[in-house]
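Participant: Dumping the structure here so I can ask a few things about it.
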Amino acid sequence: MGVFKIKRVVILSYIKKVAISGTIVNDIEKRMSEFTKLIINNVEIPITEINEMLIDNTSYIAFTYDLDMLDVILLQDIMKFQEGYELKIL
1173 MGVFKIKRVV ILSYIKKVAI SGTIVNDIEK RMSEFTKLII NNVEIPITEI
1223 NEMLIDNTSY IAFTYDLDML DVILLQDIMK FQEGYELKIL
(Lines of atoms letter the chains of each structure in order from A and count residues from 1; the text may use other names and numbers.)
(Lines give C-alpha, C1' and ligand atoms only; values in the text may rest on other atoms or scores of the structure.)
Protein backbone atom coordinates (compact mmCIF):
# COMPACT_ATOMS: atom_id res chain seq x y z
CA MET A 1 0.00 0.00 0.00
CA GLY A 2 1.15 3.51 -0.75
CA VAL A 3 -0.07 7.03 -0.11
CA PHE A 4 -1.42 9.44 -2.71
CA LYS A 5 -0.69 13.01 -1.61
CA ILE A 6 -3.19 15.42 -3.17
CA LYS A 7 -2.10 18.54 -4.99
CA ARG A 8 -5.44 19.66 -6.43
CA VAL A 9 -8.97 18.45 -7.18
CA VAL A 10 -10.81 19.95 -10.17
CA ILE A 11 -14.12 19.40 -11.91
CA LEU A 12 -13.80 19.17 -15.69
CA SER A 13 -17.42 20.09 -16.40
CA TYR A 14 -17.06 20.16 -20.18
CA ILE A 15 -16.27 16.41 -20.16
CA LYS A 16 -18.19 15.60 -16.94
CA LYS A 17 -15.20 14.33 -14.98
CA VAL A 18 -13.40 15.02 -11.72
CA ALA A 19 -9.59 14.96 -11.64
CA ILE A 20 -7.67 14.21 -8.45
CA SER A 21 -4.04 15.19 -8.96
CA GLY A 22 -1.01 14.60 -6.79
CA THR A 23 1.98 12.38 -6.16
CA ILE A 24 2.44 8.85 -4.90
CA VAL A 25 4.57 8.32 -1.80
CA ASN A 26 5.55 4.70 -2.23
CA ASP A 27 7.47 2.92 0.49
CA ILE A 28 7.43 -0.47 -1.23
CA GLU A 29 8.81 0.53 -4.64
CA LYS A 30 5.65 -0.45 -6.51
CA ARG A 31 5.37 0.71 -10.11
CA MET A 32 2.54 3.10 -11.00
CA SER A 33 0.87 0.46 -13.17
CA GLU A 34 0.57 -1.89 -10.17
CA PHE A 35 -1.74 0.44 -8.21
CA THR A 36 -5.39 -0.32 -8.87
CA LYS A 37 -7.51 1.48 -6.23
CA LEU A 38 -7.76 4.68 -4.21
CA ILE A 39 -9.39 4.44 -0.80
CA ILE A 40 -11.72 7.37 -0.12
CA ASN A 41 -13.87 7.30 3.04
CA ASN A 42 -13.26 3.55 3.43
CA VAL A 43 -14.54 2.96 -0.11
CA GLU A 44 -12.21 1.37 -2.68
CA ILE A 45 -12.49 3.34 -5.92
CA PRO A 46 -10.94 1.54 -8.91
CA ILE A 47 -8.31 3.48 -10.85
CA THR A 48 -9.53 3.35 -14.43
CA GLU A 49 -8.07 6.45 -16.04
CA ILE A 50 -4.64 7.93 -15.37
CA ASN A 51 -3.60 11.26 -16.85
CA GLU A 52 -1.02 13.92 -16.24
CA MET A 53 -1.79 17.41 -14.95
CA LEU A 54 0.57 20.35 -15.25
CA ILE A 55 0.37 22.72 -12.24
CA ASP A 56 2.85 25.58 -11.91
CA ASN A 57 5.20 23.95 -14.46
CA THR A 58 5.28 20.70 -12.46
CA SER A 59 3.78 17.45 -13.71
CA TYR A 60 1.45 15.48 -11.42
CA ILE A 61 -0.44 12.21 -11.73
CA ALA A 62 -4.17 12.77 -12.19
CA PHE A 63 -6.80 10.11 -11.66
CA THR A 64 -9.97 11.07 -13.53
CA TYR A 65 -13.44 9.74 -12.86
CA ASP A 66 -16.78 10.20 -14.60
CA LEU A 67 -19.02 12.38 -12.45
CA ASP A 68 -21.88 9.92 -13.06
CA MET A 69 -19.81 7.10 -11.55
CA LEU A 70 -19.35 8.72 -8.14
CA ASP A 71 -21.91 8.92 -5.36
CA VAL A 72 -22.94 12.52 -4.64
CA ILE A 73 -21.77 12.39 -1.01
CA LEU A 74 -18.43 10.87 -2.06
CA LEU A 75 -18.00 13.59 -4.69
CA GLN A 76 -18.72 16.29 -2.09
CA ASP A 77 -16.06 14.80 0.18
CA ILE A 78 -13.55 14.65 -2.70
CA MET A 79 -14.15 18.34 -3.46
CA LYS A 80 -13.21 19.23 0.14
CA PHE A 81 -9.74 17.69 -0.13
CA GLN A 82 -7.01 20.28 0.30
CA GLU A 83 -3.42 20.24 -0.93
CA GLY A 84 -1.39 17.78 1.14
CA TYR A 85 -4.33 15.54 2.09
CA GLU A 86 -3.30 11.88 1.90
CA LEU A 87 -5.29 8.96 0.56
CA LYS A 88 -4.31 5.31 0.72
CA ILE A 89 -3.62 3.72 -2.64
CA LEU A 90 -3.60 -0.02 -3.32
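Here the working numbering runs 1172 ahead of the position in the sequence shown, where the first position is 1.
Ideal Cβ placement from N, Cα and C applies to all residues, glycine included.
Just so it is clear, the structure is predicted and the values come from calculations on it, not from any experiment.
#1: Are the CB atoms of Lys-1209 and Thr-1195 nearer to each other than 7 Å?
#2: Three-state secondary structure (DSSP) at Met-1204?
#3: List the residues that DSSP assigns as beta-bridge partners of Ile-1183.
#4: Quick check on the DSSP output: the alpha helix (DSSP H) that includes Leu-1246 runs from which residue to which?
#5: Thinking just about the alpha-carbon of each residue, which of Met-1251, Lys-1252, Val-1190 is nearest to the one in Asp-1240?
#6: Can you name the residues that DSSP bridges to Glu-1258?
#7: My guess is that Ile-1222 and Ile-1211 are in contact by the Cβ rule of under 8 Å, so how many angstroms apart are they, rounded?
#8: Let me make sure I understand the geometry here. Which of Asp-1238, Leu-1242, Asn-1214 has the alpha-carbon closest to that of Tyr-1186?
#9: What three-state label does DSSP hand Asp-1228 in the structure shown?
Facilitator: In this structure, then:
#1: no
#2: helix
#3: Val-1190
#4: 1244-1251
#5: Val-1190
#6: Lys-1177
#7: 17 Å between Cβ atoms; not a contact.
#8: Asp-1238
#9: coil
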